[in-house]
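These protein sequence lines map, in sequence, to chains G and F.
This note's numbering runs 11 ahead of the 1-based position in the first sequence.
This note's numbering runs 99 ahead of the 1-based position in the second sequence.
For every residue, glycine included, the Cβ atom is placed at its ideal position computed from N, Cα and C.
Note that the structure is a prediction, hence the values are computed from the model and not measured.
Input: a single structure, listed below in structure tokens.
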Amino acid sequence: EAQVTQNPRYLITVTGKKLTVTCSQNMNHEYMSWYRQDPGLGLRQIYYSMNVEVTDKGDVPEGYKVSRKEKRNFPLILESPSPNQTSLYFCASRPTGGSYEQYFGPGTRLTVT
Amino acid sequence: GQNIDQPTEMTATEGAIVQINCTYQTSGFNGLFWYQQHAGEAPTFLSYNVLDGLEEKGRFSSFLSRSKGYSYLLLKELQMKDSASYLCADQTGANNLFFGTGTRLTVIP
């Protein structure tokens with residue numbers, strides 16, 4: 012089944028404790044992206060990647076890092092999480108070209124206390 | 100892209116037709132998306148318009164006017180399962196997708 016997977020789905024952590032949210036897709040998509048979704052603010056792009064070893068900042072990159080060492084994986088790293096990073100995070104992927112339709116993962120709900 | 104404006108909430112009756120409007124900034128425009136998102140779930144793709152006009156797909160249709168920076172999503176024969184948030188998003192360039200805050204639609208019996 013073609014899908015985007017994220018782990019963990021739920022995470023409660025404390026301020027300053029490094030964490031990684033994994034994202035993997037099995038559709039051989041070149042483009043991958045991370046979003047956060049907050050009430051009243053909609054989905055906002057954090058980082059995106061056009062292909063392996065090619066990443067770029069979205070609208071809200073502060074406090075996040077990403078890497079793209081393999082085509083299928085695009086982990087999101089929070090080196091020192093803070094409470095304002097409490098949010099619902101979505102990973103998405105799409106092929107380059109075509110209709111630009113993005114396929115979203117199931118989401119990761121992160122709480123930083 | 101950006102400066103996407105859509106109503107925050109709408110209510111409609113089962114079996115009826117509802118139109119959800121979206122306006123966007125036209126500079127750098129490269130396409131307009133509609134996504135459906137049920138509470139706590141991932142957004143799912145509904146439609147993509149890049150040319151002016153109406154695209155019909157079953158009970159859902161989407162319209163675009165590039166010159167006016169305007170789009171709407173039309174839902175016919177509403178069902179209770181259509182209660183969800185509907186996200187308008189514009190594509191600028193090849194890489195950036197800007198989402199509106201979404202319209203929460205409640206379908207009542």
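Beta-carbon proximity list for residue i, same chain, < 6 Å, skipping 5 on both sides
{"i": "Val25(G)", "result": "Thr124"}
{"i": "Tyr21(G)", "result": "Arg120"}
{"i": "Asn194(F)", "result": "none"}
{"i": "Ile116(F)", "result": "Lys175"}
8 Å Cβ cutoff met for residue i and residue j
{"i": "Lys76(G)", "j": "Val63(G)", "result": "no"}
{"i": "Ile119(F)", "j": "Leu196(F)", "result": "no"}
{"i": "Gln36(G)", "j": "Phe101(G)", "result": "no"}
{"i": "Arg158(F)", "j": "Leu174(F)", "result": "yes"}
{"i": "Gln113(G)", "j": "Ala103(G)", "result": "yes"}
Buried or exposed by the 16-neighbour rule on C-beta atoms within 10 Å, applied to residue i
{"i": "Thr202(F)", "result": "buried"}
{"i": "Thr119(G)", "result": "buried"}
{"i": "Ile103(F)", "result": "buried"}
{"i": "Gln178(F)", "result": "exposed"}
{"i": "Gly108(G)", "result": "exposed"}
{"i": "Met38(G)", "result": "exposed"}
{"i": "Ile57(G)", "result": "buried"}
{"i": "Gln17(G)", "result": "buried"}
{"i": "Gly199(F)", "result": "buried"}
{"i": "Leu204(F)", "result": "buried"}
{"i": "Gly100(F)", "result": "In this prediction, Gly100(F) scores a pLDDT of 44, lower than 50, which makes its location untrustworthy; the coordinate-derived value is nonetheless stated afterwards. That one is buried."}
8 Å Cβ cut-off: residues of chain F touching residue i
{"i": "Pro72(G)", "result": "Those within 8 Å of Pro72(G) in chain F number zero; the least Cβ separation is about 13 Å."}
{"i": "Pro117(G)", "result": "Glu140, Ala141"}
is_contact[residue i, chain G] using C-beta, thresh 8 Å
{"i": "Asn194(F)", "result": "yes"}
{"i": "Ala141(F)", "result": "yes"}
{"i": "Gln124(F)", "result": "no"}
{"i": "Gly199(F)", "result": "yes"}
{"i": "Gly130(F)", "result": "yes"}
{"i": "Phe144(F)", "result": "yes"}
{"i": "Gln190(F)", "result": "yes"}
Residue-level contact to chain F via CB, residue i, 8 Å cutoff
{"i": "Gln113(G)", "result": "yes"}
{"i": "Pro9(G)", "result": "The structure shown does not extend to residue 9(G), since chain G is modelled only from 12 through 124, so no value can be given for it."}
Interface partners of residue i on chain G, CB under 9 Å
{"i": "Leu186(F)", "result": "Gly53, Leu54"}
Close Cβ partners of residue i (< 7 Å) along its chain, the five nearest in sequence each way excluded
{"i": "Tyr137(F)", "result": "It should be pointed out that residue 137(F) corresponds to His in this sequence rather than to Tyr. These residues qualify, in order along the chain: Ala183."}
{"i": "Gly168(F)", "result": "Thr122, Tyr123, Gln124, Thr125"}
Beta-carbon neighbours of residue i, restricted to chain F and to distances below 9 Å
{"i": "Phe101(G)", "result": "Ala141, Pro142"}
Contact list for residue i against chain F, beta-carbon separation under 7 Å
{"i": "Tyr59(G)", "result": "Asn194"}
Cβ shell of residue i (< 8 Å), same chain only, five flanking positions each side left out
{"i": "Ser60(G)", "result": "Tyr42, Met43, Ser44, Thr66, Asp67, Val77, Arg79, Phe85"}
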